[in-house]
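Numbering (the numbering used here), first residue to last: 1121 to 1388.
Built from N, CA and C at the ideal position, the CB exists for glycine as well.
Model, not experiment: these values are computed from the prediction.
Report on the structure given below.
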């Protein structure tokens, strides 16, 4: 008999990413005994909030949540205010500040918009963190979409080296609706992992090492999404409707037929 949690996760992977919150709530209502496992295993779309102290946007998710409050990476304060909320120790917080500045520049260069946030927390033999990027396109009246990047990393320090275990998830959807073309919903998600040992001479090197890993991972996953989703859609459209004219297709068929006859004559 199939494992219920495996079946539930397989179902969530096949449903539209933009409806994850609604579908997850429905699934939890059907199978409440899977609540803890599903909430920890299913990545939900990132939400954007504004930091009251700095006025900057940041990403609210499980990685900066304590109760019903969310910690801003810019001010290190919770909204709503929470005096005893979980915060990283000073050394980790200092690294978190540097990482937020670095990935804010990365986001601006690669995404030309959107919001990024980095959250770090301490482990017994190192630290862990989440690098989050979200961009929404809702400027066009008949087109909208969103891109969510969720990079979770565990860093284990081993003397002058550090081991990085990275799990990256990208959730993407694009929606269009036109009278002439009808409605199109193109969506999906992809998760990949990477692991490597890299030399570390000073704490700031962690940010550079993570930056290189995430940059390479996002490029790889973007190409994968392009081939799997957009490439397949293009193939389907081309099968349904040829881009060339009817006369051009007939000329091509005639050339192919002529070549076929000449090859047969030569072989005979």
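Delimiting residues of the alpha helix (DSSP H) encompassing residue 1221:
Residue 1221 sits at position 101 when you count from the first residue of the chain shown. Counting along the chain, the alpha helix (DSSP H) containing residue 1221 begins and ends at 1210 to 1231.
Does DSSP classify residue 1235 as helix, strand or coil?
Against the chain shown, residue 1235 aligns to sequence position 115. Residue 1235: strand per DSSP, three-state reduction.
Does the beta-carbon distance from residue 1254 to residue 1334 come in below 7 Å?
Locating residue 1254 in the chain shown gives position 134, counting from the first residue. Locating residue 1334 in the chain shown gives position 214, counting from the first residue. No; because the gap between Cβ atoms is not below 7 Å, this pair is not in contact.
Where the beta strand (DSSP E) through residue 1306 begins and ends
On the chain shown, residue 1306 is found 186 positions in, with the first residue counted as 1. Residues 1302 to 1319.
Cross-strand partners of residue 1257 (DSSP beta bridge)
The residue given as residue 1257 occupies position 137 in the chain shown. Answer is 1265.
Just to confirm my understanding: we take residue 1161, look at its own chain, exclude 5 residues before and 5 after, and list those with CB closer than 7 Å. What are they?
Position 41 of the chain shown, counted from the start, is the residue given in the question as residue 1161. Closer than 7 Å at the Cβ level, and outside the excluded window around residue 1161, lie 1129.
Could you check where the alpha helix (DSSP H) with residue 1282 kicks off and where it finishes?
Against the chain shown, residue 1282 aligns to sequence position 162. No alpha helix (DSSP H) holds residue 1282; the beta strand (DSSP E) holding it covers 1281 to 1298.
Buried/exposed call for residue 1142, threshold 16 Cβ in 10 Å:
Start at 1 with the first residue of the chain shown, and residue 1142 comes out as number 22. Exposed: under 16 other Cβ atoms inside 10 Å.
Mind checking who residue 1205 pairs with in its DSSP beta bridge?
Walking along the chain shown from the start, residue 1205 turns up at place 85. Per DSSP, none; premise fails for residue 1205.
So, using beta-carbon positions, are residue 1284 and residue 1316 closer together than 7 Å?
For the purposes of this step, residue 1284 is taken as the residue at position 164 of the chain shown. For the purposes of this step, residue 1316 is taken as the residue at position 196 of the chain shown. Yes. Within cutoff.
According to the neighbour-count rule (16 or more other Cβ atoms, all chains shown, within 10 Å of its Cβ), is residue 1320 buried or exposed?
Stepping through the chain shown from its first residue, residue 1320 is reached at position 200. Residue 1320 should be labelled buried.
Could you pull out every residue in the same chain whose Cβ sits closer than 6 Å to the Cβ of residue 1276, ignoring the five residues on either side in sequence?
For the purposes of this step, residue 1276 is taken as the residue at position 156 of the chain shown. Contacts found: 1245, 1246, 1283.
Does the Cβ-Cβ distance between residue 1193 and residue 1220 come in under 7 Å?
Translated into positions along the chain shown, residue 1193 becomes position 73. Translated into positions along the chain shown, residue 1220 becomes position 100. Cβ atoms of residue 1193 and residue 1220: closer than 7 Å.
What residue from 1202, 1165, 1343 has the CA that sits closest to residue 1136's CA?
By one-based count along the chain shown, residue 1136 stands at place 16. Cα-wise, what sits closest to residue 1136 is 1165.
DSSP three-state call for residue 1249: helix, strand or coil?
The residue given as residue 1249 occupies position 129 in the chain shown. Residue 1249: strand per DSSP, three-state reduction.
For a quick check, are the C-beta atoms of residue 1312 and residue 1297 less than 7 Å apart?
Numbered from its first residue, the chain shown carries residue 1312 at position 192. Numbered from its first residue, the chain shown carries residue 1297 at position 177. Contact flag unset, no.
Using a Cβ-Cβ distance cut-off of 7 Å, determine whether residue 1170 contacts chain B.
The chain inventory of the structure shown lacks chain B, comprising one protein chain alone.
Which ranges would you report for the alpha helix (DSSP H) in the segment 1322 to 1357 if only whole runs of at least 4 residues count?
1325 to 1345
On a CA-only basis, which of 1234, 1239, 1240, 1241 is nearest residue 1258? Give me that one, please.
In the chain shown, counting from the first residue as 1, residue 1258 sits at position 138. Among 1234, 1239, 1240, 1241, the Cα nearest to that of residue 1258 belongs to 1234.
Taking only the alpha-carbon atoms, compute the straight-line gap between residue 1139 and residue 1272 and give it to the nearest angstrom.
If you number the chain shown from 1, residue 1139 lands on position 19. If you number the chain shown from 1, residue 1272 lands on position 152. Roughly 22 Å separates the two Cα atoms.
Which residue spans inside the segment 1138 to 1197 form an unbroken beta strand (DSSP E) run of at least 3?
1167 to 1170, 1177 to 1180, 1189 to 1191
For residue 1303, which residues from the same chain have a beta carbon less than 6 Å from its beta carbon, with the 5 sequence-adjacent residues on both sides left out?
Counting from 1 along the chain shown, the entry for residue 1303 is found at position 183. For residue 1303, where only same-chain residues beyond five positions count, the Cβ hits under 6 Å are 1297.
Three-state secondary structure (DSSP) at residue 1123?
Taking the first residue of the chain shown as position 1, residue 1123 is located at position 3. Correct three-state label for residue 1123: coil.
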